[in-house]
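Colleague: For the sequence shown, position 208 matches number 207 in numbering that gives the first Met the number 0, and the numbering has no gaps at all. Cβ atoms here follow ideal geometry from the backbone N, Cα and C, with glycine treated the same way.
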Amino acid sequence: MASDQPAAVLRPPKALRDRERQVAPFDWYEKMRLESPVRYDDDRNMWDVFRYEDVDRILSDYETFTSNVRDATESPFDDDQQGFNRTMINSEPPEHDRLRGFVNERFRPGTIRELQPRLEELTDEFLDGIADEDRIDVVGDFAYPFPVTVIAELLGIPADRRDEFKAWSDALVASPREETKAAVEKNQQERQRARREMGEYFGDLLDERSDGDGDDLVTLAATSDELDREEKVGFCMLLLIAGNITTTNLITNAIWCFHEQGTMEAVRSGEIDRKKAIEEVLRYRSPVQSLRRVAARDVEVGGKSIEKGDVISAWIASANRDSDVFDDPTEFRPERSPNRHIAFGKGIHYCLGAPLARVEADIALKALLEQFDTIEPTDAAKKPVPSQVLYGLESLPCRVE
Numbered sequence: 000m001a002s003d004q005p006a007a008v009l010r011p012p013k014a015l016r017d018r019e020r021q022v023a024p025f026d027w028y029e030k031m032r033l034e035s036p037v038r039y040d041d042d043r044n045m046w047d048v049f050r051y052e053d054v055d056r057i058l059s060d061y062e063t064f065t066s067n068v069r070d071a072t073e074s075p076f077d078d079d080q081q082g083f084n085r086t087m088i089n090s091e092p093p094e095h096d097r098l099r100g101f102v103n104e105r106f107r108p109g110t111i112r113e114l115q116p117r118l119e120e121l122t123d124e125f126l127d128g129i130a131d132e133d134r135i136d137v138v139g140d141f142a143y144p145f146p147v148t149v150i151a152e153l154l155g156i157p158a159d160r161r162d163e164f165k166a167w168s169d170a171l172v173a174s175p176r177e178e179t180k181a182a183v184e185k186n187q188q189e190r191q192r193a194r195r196e197m198g199e200y201f202g203d204l205l206d207e208r209s210d211g212d213g214d215d216l217v218t219l220a221a222t223s224d225e226l227d228r229e230e231k232v233g234f235c236m237l238l239l240i241a242g243n244i245t246t247t248n249l250i251t252n253a254i255w256c257f258h259e260q261g262t263m264e265a266v267r268s269g270e271i272d273r274k275k276a277i278e279e280v281l282r283y284r285s286p287v288q289s290l291r292r293v294a295a296r297d298v299e300v301g302g303k304s305i306e307k308g309d310v311i312s313a314w315i316a317s318a319n320r321d322s323d324v325f326d327d328p329t330e331f332r333p334e335r336s337p338n339r340h341i342a343f344g345k346g347i348h349y350c351l352g353a354p355l356a357r358v359e360a361d362i363a364l365k366a367l368l369e370q371f372d373t374i375e376p377t378d379a380a381k382k383p384v385p386s387q388v389l390y391g392l393e394s395l396p397c398r399v400e
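1. Drop a sphere of 10 angstroms on the beta-carbon of Ser289, count the other beta-carbons inside from all chains shown, and report buried for 16 or more, exposed for fewer.
2. Return helix, strand or coil for Cys397, following the three-state DSSP convention.
3. Skipping 5 residues on each side, what residues in its chain have a beta carbon closer than 7 Å to that of Ala42?
4. Around the Cβ of Gly391, are there at least 16 other Cβ atoms within 10 angstroms (buried) or fewer (exposed)?
5. Assuming Asp361 contacts Glu400 under a Cβ cut-off of 8 Å, what Cβ separation, rounded to an integer in Å, is found between them?
6. Is it the case that the segment 220-230 contacts the segment 93-102, given that we only count it when at least three CB pairs across the two stretches are under 8 Å?
7. I think Ala294 touches Tyr51, with their Cβ atoms under 8 Å apart; what is that distance to the nearest whole Å?
8. Just to confirm, is the Cβ distance from Arg10 to Pro383 under 8 Å?
9. Using 8 Å as the threshold, is the segment 343-357 in touch with the segment 319-327, meaning 3 or more CB pairs across them?
10. Can you tell me which residues form a DSSP beta bridge with Tyr401?
11. Here's a check: name, in chain order, each residue in its chain whose Cβ is nearer than 7 Å to the Cβ of Arg176, leaving out the five neighbours to either side.
12. Beta-carbon within less than 7 Å of Val280's beta-carbon, same chain only, minus the 5 sequence neighbours each way: which residues are those?
13. Identify every run of the alpha helix (DSSP H) within the segment 339-389, keeping only runs that are complete inside it and at least 4 residues long; order them along the chain.
14. Could you check the C-alpha separation between Leu413 and Thr110 for me, to the nearest Å?
15. How big is the Cα-Cα spacing for Gly302 and Lys185?
16. Run the CB neighbour count on Thr179, radius 10 Å, all protein chains shown included, and call it buried at 16 or more, exposed below.
17. Between the C-alpha atoms of Pro157 and Val147, what's the straight-line distance to the nearest angstrom?
18. Residues in the same chain with beta-carbon distance under 7 Å from Pro144, minus the five sequence neighbours each way, listed in chain order, please.
19. In angstroms, rounded to a whole number, what distance separates the CA positions of Glu229 and Asn44?
20. Please state whether the Cβ-Cβ distance between Tyr283 and Phe331 is less than 8 Å.
21. Taking the beta strand (DSSP E) that Leu290 belongs to, which residues open and close that run?
22. Cα-Cα, which of Arg194, Asp40, Pro36, Ser66 is closest to Asp53?
23. Would you list the one or two residues that DSSP bridges to Leu392?
24. Check for me: the alpha helix (DSSP H) holding Lys307 runs from which residue to which?
25. Indicate the three-state DSSP secondary structure (helix, strand or coil) for Gly23 in the structure shown.
26. Count Cβ pairs between the segment 272-279 and the segment 350-366 that sit closer than 8 Å; are there 3 or more?
27. Of the choices Leu238, Tyr349, Trp314, Ala353, whose alpha-carbon is the least far from that of Met31?
28. So Asp96 is in the alpha helix (DSSP H); what residue range does that whole segment cover?
29. Residues in its own chain within less than 6 Å of Thr86 by CB, not counting five upstream and five downstream?
30. Note down the Cα distance separating Ile341 from Tyr349, rounded to an integer number of angstroms.
31. Report the option in Pro337, Ser174, Val298 whose CA atom is closest to the CA atom of Arg406.
32. In the segment 180-254, which residue ranges form an unbroken alpha helix (DSSP H) of at least 4 residues, counting only runs that do not cross its ends?
33. By DSSP's criteria, Trp167 is part of a beta bridge. Which residues make up the other side?
34. Using the C-alpha atoms, what's the distance from Met197 back to Val287?
35. Considering only residues of the same chain and omitting the five flanking positions on each side of Gln21, which have a CB-CB separation below 7 Å?
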């Protein structure tokens, strides 16, 4: 944003503000890639970038396109509530290396593989609770409670508060449901309340564990000399939110895709490689639709001149359907190879939890497909998650046998 421009507004483009378009935004992405691959949106005071090449460049070059958007966007938080903004996802080296480095080892693929037996136990527990049902909500009965319980155990917090965790997480990533002043104010108030309650909750836990010797992530943060108190609170909040929402949407989107594309039985039987199918879900219905960056200097992208300070929305979900990179990108090919999707980002900000999300989704889908011979979505009118950056469904009612 140039110095004489107002702060960017964190809401979807006008074209994506109705429910139908939020569920199926892909035709609009294609139109933008062809007609306006880089465009400035006066309504939101930010740039939108749609092509793979440009999105990949923006996410990879942190020196030119910084993730520190704190001073360039409207914040729903008061000035004394900015701890959540001081996290690894919106900082650059050397701060980024410090904020991410102390926990990196816990999320490496080898470390995540050691969790597999416990993840399998948890899936069995949740499926036992719905085994005799003939109708389930994939989201509420399984795709949400499973990953939030996993991240709660890693943090060392009681999973029996998961309804509260969901309310906090949903509030912090939600967009206003209507374009009215009252709806916007309500949305901001709910975000402020969730931020305050989460901050108080984790602040108390960090105090309790400051002299602890536990192996959980809250204790790791509490006893770390690398982070100050605000950063510790922000770290815990970030992990709770990011550690469940993306995986919830990935599992839900997978069942949605497998049914819609008629590949459920082939994935179940092993005829289609499940891990490859998950990668195609990540490309075809990316759980994160876009990421924001700020130009750290004047730069040209796609022939457009972007000024230092301008906010940029890099549309991952559009990039993942770019025909310059993917053959027949509108087709769901469960064993697509190569599959160069960037659903988990790129560069130093590549998703810390990507190895965990992949393993969780693989274990969850294997167990779910083994438990039920039939999983058939019953609600044609799908209700999207109300968020400017996330892609998923609030519920997915299914008939099961």
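Modeller: By the coordinates alone:
1. Taking the first residue of the sequence shown as position 1, residue 289 is located at position 290. For Ser289, the number of other beta carbons within 10 angstroms of its own is at least 16, and it is reported as buried.
2. For the purposes of this step, residue 397 is taken as residue 398 along the sequence shown, with counting starting at 1. Taken through DSSP and simplified to helix, strand or coil, Cys397 comes out as strand.
3. Residue mapping note: residue 42 aligns to position 43 of the sequence shown, counting from 1. The sequence given here has Asp at residue 42, not Ala. Taken in chain order, the residues that qualify are Lys13.
4. Taking the sequence shown and counting its residues from 1, one reaches residue 391 at position 392. Gly391 comes out buried.
5. Numbered from 1 along the sequence shown, position 362 holds the residue referred to as residue 361. Numbered from 1 along the sequence shown, position 401 holds the residue referred to as residue 400. Not really, about 23 Å apart at Cβ, beyond 8 Å.
6. Flag = yes, the segment 93-102 and the segment 220-230 touch.
7. Sequence index remark: in the sequence shown, residue 294 carries index 295 (1-based). Sequence index remark: in the sequence shown, residue 51 carries index 52 (1-based). With 8 Å as the limit, Ala294 and Tyr51 do not qualify as a contact, their Cβ atoms being about 19 Å apart.
8. To locate residue 10, count along the sequence shown from 1; it is residue 11. To locate residue 383, count along the sequence shown from 1; it is residue 384. No, these two residues do not count as a Cβ contact at 8 Å.
9. Cβ pair count under 8 Å is below three, so no.
10. The requested residue 401 does not occur in the structure, where the chain is confined to residues 0 to 400.
11. In the sequence shown, the residue the question calls residue 176 occupies position 177. Answer for Arg176: Ala182, Pro385, listed in chain order.
12. In the sequence shown, residue 280 corresponds to position 281, counting from 1. Taken in chain order, the residues that qualify are Leu249, Asn252, Ala253, Cys256.
13. 353-370
14. Here the chain has residues from 0 to 400 only, and residue 413 is not among them.
15. Against the sequence shown, residue 302 aligns to sequence position 303. Against the sequence shown, residue 185 aligns to sequence position 186. Their backbone Cα atoms lie some 39 Å apart in a straight line.
16. As a working note, residue 179 is residue 180 in the sequence shown. Exposure of Thr179 is indicated by the presence of fewer than 16 other C-beta atoms within 10 angstroms of its C-beta.
17. In the sequence shown, counting from the first residue as 1, residue 157 sits at position 158. In the sequence shown, counting from the first residue as 1, residue 147 sits at position 148. Distance between the alpha carbons of Pro157 and Val147: 10 Å.
18. Here residue 144 is taken as the residue at index 145 of the sequence shown, counted from 1. Cβ neighbours of Pro144 beyond the five flanking positions: Phe125, Arg161.
19. Against the sequence shown, residue 229 aligns to sequence position 230. Against the sequence shown, residue 44 aligns to sequence position 45. Going from the Cα of Glu229 to the Cα of Asn44 covers about 29 Å.
20. For this step, residue 283 is matched to residue 284 along the sequence shown. For this step, residue 331 is matched to residue 332 along the sequence shown. Closer than 8 Å, so yes.
21. As a first step, residue 290 must be located in the sequence shown, where it is residue number 291. Note, Leu290: beta strand (DSSP E), 290-294.
22. Here the question's residue 53 lines up with position 54 in the sequence shown. Here the closest residue by C-alpha is Pro36.
23. As a working mapping, residue 392 is identified with position 393 in the sequence shown. Bridge pairing for Leu392: Pro383 [DSSP].
24. Your numbering for residue 307 matches position 308 in the sequence shown. Segment: none, Lys307 is in no alpha helix (DSSP H) and carries neither H nor E.
25. The residue given as residue 23 occupies position 24 in the sequence shown. The residue you asked about is not Gly; residue 23 is Ala in the sequence shown. Of the three classes helix, strand and coil, the one that applies to Ala23 here is coil, per DSSP.
26. Yes: the two stretches touch, three or more of their Cβ pairs being nearer than 8 Å.
27. Counting from 1 along the sequence shown, the entry for residue 31 is found at position 32. Looking at the Cα atoms, Trp314 is the closest of the given residues.
28. Residue numbering aside, residue 96 sits at position 97 when the sequence shown is read from its first letter. 94-100 is the extent of the alpha helix (DSSP H) around Asp96.
29. One-based indexing of the sequence shown puts residue 86 at position 87. Hits under 6 Å: Gly233, Leu237.
30. Locating residue 341 in the sequence shown gives position 342, where the first residue counts as 1. Locating residue 349 in the sequence shown gives position 350, where the first residue counts as 1. Cα to Cα, the separation comes out at about 9 Å.
31. A question about residue 406 goes unanswered here, because the residues of the chain that appear run from 0 up to 400.
32. 180-207, 216-221
33. In the sequence shown, the residue the question calls residue 167 occupies position 168. Partner(s): none; Trp167 has no beta bridge.
34. Here residue 287 corresponds to residue number 288 of the sequence shown, with the count starting at 1. Here residue 197 corresponds to residue number 198 of the sequence shown, with the count starting at 1. Taking the straight line joining both Cα atoms gives about 23 Å.
35. Here residue 21 refers to the residue found at position 22 when the sequence shown is read from its first residue. Counting only Cβ-Cβ distances below 7 Å, and skipping sequence neighbours, we find Leu15, Pro383.
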